[in-house]
Amino acid sequence: MQPDQTDRKILDLLQNNAQMTIKEIASKINLSVTPVHERIRKLEKEGFIDKYVCLLNRRKLGKSLVVYCNVTLDKQRKESFEDFNQAIVQMPEVLECSVVSGNFDYMLKVVVEDGEAYNQFYQHKLSALSSVLHISSYFVISEIKYTTGIAVL
Numbered sequence: 001m002q003p004d005q006t007d008r009k010i011l012d013l014l015q016n017n018a019q020m021t022i023k024e025i026a027s028k029i030n031l032s033v034t035p036v037h038e039r040i041r042k043l044e045k046e047g048f049i050d051k052y053v054c055l056l057n058r059r060k061l062g063k064s065l066v067v068y069c070n071v072t073l074d075k076q077r078k079e080s081f082e083d084f085n086q087a088i089v090q091m092p093e094v095l096e097c098s099v100v101s102g103n104f105d106y107m108l109k110v111v112v113e114d115g116e117a118y119n120q121f122y123q124h125k126l127s128a129l130s131s132v133l134h135i136s137s138y139f140v141i142s143e144i145k146y147t148t149g150i151a152v153l
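All residue numbers for the sequence shown refer to the UniProt record's numbering, where the first residue is 1 and numbers rise by one.
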């Protein structure tokens with residue numbers, strides 16, 4: 001299934017406000033409630049909608065430091081990758097973790113309170129992993145663009 005233009009409008013509205021009611025969506029796209037409800041259920045079933053979430057203000061929660069980490073593993077073996085993956089999933093400081101190509105193996109997005117909290121994370125969690133050979137850390141000074149929205153229209 002490929003979403004049509006109406007489906008894409010629904011997806012765009014929902015990713016900007018997941019609390020929008022079916023009635024509100026229907027009025028914005030000029031459809032009745034029943035077809036909108038059916039389209040949303042189909043989009044969920046087909047996997048276009050993974051889940052509904054609430055985005056929190058990290059600064060209000062005291063998590064003002066964002067750090068990107070490039071991580072190189074010591075050995076390019078399946079076991080090293082699996083061990084690292086299992087460990088990273090358990091670390092709440094890591095918001096994103098991607099395997100990448102290039103001069104390092106992983107790119108992480110880490111969010112913590114401050115420099116001291118990052119130092120504790122770095123020393124006691126990340127560098128403590130036996131599979132880690134090298135870590136490069138990049139501290140975010142200013143965010144120019146921050147979005148979770150995917151262009152669907």
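The beta carbon of each residue, even a glycine, is placed where N, CA and C say it ideally should be. If you're wondering where the values come from, they're calculated on a predicted model, not measured in any experiment.
Residue closest to I144, alpha-carbon to alpha-carbon, out of V66, D4 and N85: Checking every option, the nearest Cα to that of I144 belongs to V66.
If we count the other Cβ atoms within 10 Å of its Cβ and call it buried at 16 or more, is S130 buried or exposed? Exposure of S130 is indicated by the presence of fewer than 16 other C-beta atoms within 10 angstroms of its C-beta.
Which residue comes first and which comes last in the alpha helix (DSSP H) that contains Y72? Sequence check: residue 72 is Thr here, not Tyr. Residue range L65 to L73 is occupied by the beta strand (DSSP E) that includes T72, with no alpha helix (DSSP H) assigned at that position.
For K125, which residues does DSSP report across the bridge? Answer is none; K125 lacks a bridge partner.
Return the first residue and the last residue of the alpha helix (DSSP H) that V36 is part of. Element bounds for V36: V33 to K45.
Three-state secondary structure assigned by DSSP to L11: In this structure, L11 counts as helix in the three-state DSSP scheme.
Reduced DSSP category for F139 - H, G, I as helix; E, B as strand; rest coil: It is a strand residue.
Alpha carbon to alpha carbon, what distance is there between Q120 and E113? Rounded to the nearest angstrom, the gap between the Cα atoms of E113 and Q120 is 11 Å.
Considering only heavy atoms of the ligand HEM, does any lie closer than 7 Å to the CB of H134? In terms of ligand content, the structure shown is empty, and the ligand HEM therefore cannot be addressed.
So, is K9 buried or exposed, given that buried needs 16 or more other C-beta atoms within 10 angstroms? It is buried - the Cβ of K9 has at least 16 other Cβ atoms within 10 Å.
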